[in-house]
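If you want my numbering, it's the 1-based position in the sequence shown plus 43.
No residue lacks a Cβ here, since even glycine has one placed at the ideal position from N, Cα and C.
Working notes for the structure below.
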Amino acid sequence: MTLGELLREAAAGLAPASDSPRLDAELICCHVLGADRSLCFSRPEQPLTADDEAAIRALLRRRLAGEPIAYLLGKRGFWTLELAVSADVLIPRPETELLVERCLTHVPEHAQQALCDLGTGSGAIALALASERPDCTVTAVERSASALALARRNAEHCGLQVELVLGDWLQPLPGRRFHLIASNPPYVAEHDPHLRKGDVRFEPEPALVAGPDGLDALRILIAEAPAHLHPGGWLLLEHGYDQADAVTALMHDAGFTSVICHRDLAGQPRVSEGQYPGDAP
Ligand code: GLN
C-alpha cells in the first residue's frame, strides 16, 4: 500500500472521531515514518513497509478510540517550544499562551526578576517564560513526580534553566517571594459533562478537576500567593470561561488591586490578573 492510499483510507476512517481527520492521519503517518509532513504532499506514491503500515494502523486505532493526537505523537507545540507530553500531564493549550503573553507584559525585557509557575505539568508556562526572559529566575512547582520528571526532560531538551520543585502549590517554598506567580491550575467542576468529551477524557484528572465548583485550587492559590509576592508583584491565573466573576472577587477580597480579566482567542474570559500592593499580612 502507498502512503497516499493509507492517508485517504485513514482520513475517512477517523472522521467520526476527530475534527481534523486528514491532519491527524498525516501527523500519525509522518510520526511513524520519522518524516516531515511535507512527505504527504511530495511523495504520496511512496510504498509503505508492512511494519510501518502496522505501526500506523495501531496509532490510528487509538486515535479512533479518542486518544488525543498529542499523546499519540508524544509532543505538542507551545509558544515557540516543542514539548514532550505524556498522559501524566495536561496537553498545553493555546489559551495558556494568553497567560504567558499577559505575564510578559509585567516583566520588562531585561529585568532580573523571580518568576514562579505553580502546577507546571509539562513545564509549558515556566519554559515559555524562561525562553522569553533569560535574565529572570524561573521556579516551577508540581505535585506529581512523573509530571515533574517530564518538565525536567523538557527543560533539558529546550536548553532552558528552570528550578523544578516537587510539592503542592506554594507549600514547598516557605519564605520565598516572587515578582510574578502564574498558574494554570485544575479548574473544571467535578461533575462537568465536558469531562466526558474529547481530549480531557484521557488527561490526568488531578490536573483538570478542582472540587464541586472547580474553584478549589484557585481559592488556595489566591489565599497563598500574597505571602509569596514582593510588594507590587503580580498573580496571573487561568480559569474556566464562567469563573471570571468568582476569581476576580476572590482576588479583590485577598487584597489584590488592578484586578482584570482577559479574554482568550475564542472570546472567553480566561486569564485574571492582579497586583499585590503591600507587604504580606
Ligand atoms: N482548558 C482545559 C479544558 O479543556 C482545562 C484546563 C484546566 O483545568 N487547567 O477544560
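Residue i: first and last residue of the uninterrupted beta strand (DSSP E) it sits in
i                 : result
proline 262       : With the sequence shown as reference, residue 262 is identified as arginine, and proline is not the correct amino acid for it. Unbroken run through arginine 262 is the alpha helix (DSSP H), 259-267; no beta strand (DSSP E).
leucine 207       : 206-209
glutamate 316     : 312-319
glutamate 185     : 180-185
alanine 127       : 124-127
threonine 300     : 300-306
phenylalanine 121 : 118-121
isoleucine 224    : 221-226
alanine 232       : It is not in any beta strand (DSSP E) - alanine 232 carries neither H nor E in the DSSP assignment.
Residue i beta carbon near the ligand GLN (any heavy atom closer than 7 Å)
i              : result
asparagine 197 : no
glutamate 248  : no
glutamate 281  : yes
proline 229    : yes
arginine 136   : yes
leucine 251    : yes
histidine 237  : yes
leucine 133    : yes
glycine 128    : Note that residue 128 is valine in the sequence shown here, rather than glycine. Checking the Cβ of valine 128 against the ligand GLN gives no.
valine 290     : no
Residue i burial status per 10 Å Cβ neighbour count (16 or more: buried)
i             : result
serine 63     : exposed
proline 324   : Confidence at proline 324 is low in this model, with a pLDDT of 44, below 50, so its placement is unreliable and no value can be given for it.
methionine 44 : exposed
aspartate 67  : buried
glutamine 318 : buried
glycine 164   : buried
glutamate 69  : buried
Residue i vs residue j beta-carbon contact at 8 Å
i              : j             : result
leucine 91     : leucine 57    : no
glycine 257    : glutamine 286 : yes
tryptophan 212 : valine 231    : no
arginine 119   : valine 128    : yes
aspartate 95   : leucine 82    : no
alanine 268    : leucine 278   : yes
Rounded Cβ spacing between residue i and residue j (contact assumed at less than 8 Å)
i             : j           : result
aspartate 160 : serine 226  : 7 Å
glutamate 199 : valine 181  : Glutamate 199 to valine 181, Cβ: 14 Å. No contact.
proline 87    : leucine 50  : 7 Å
histidine 222 : leucine 158 : 7 Å
serine 174    : leucine 141 : In fact, because the Cβ distance is near 17 Å, the residues do not count as touching under 8 Å.
arginine 145  : valine 290  : At roughly 14 Å, the Cβ-Cβ gap does not stay under 8 Å, so arginine 145 and valine 290 are not in contact.
arginine 334  : leucine 115 : It is not possible to answer for residue 334, since the shown part of the chain is limited to 44 through 324.
aspartate 131 : proline 249 : Going by Cβ atoms, the distance from aspartate 131 to proline 249 rounds to 10 Å, so no, they are not a contact pair.
Where the alpha helix (DSSP H) through residue i begins and ends
i             : result
glycine 47    : 46-57
valine 75     : 64-76
proline 274   : It is not in any alpha helix (DSSP H) - proline 274 instead sits in the beta strand (DSSP E) that spans 272-281.
histidine 149 : Segment: none, histidine 149 is in no alpha helix (DSSP H) and carries neither H nor E.
aspartate 160 : That residue, aspartate 160, is in no alpha helix (DSSP H); its beta strand (DSSP E) goes 157-161.
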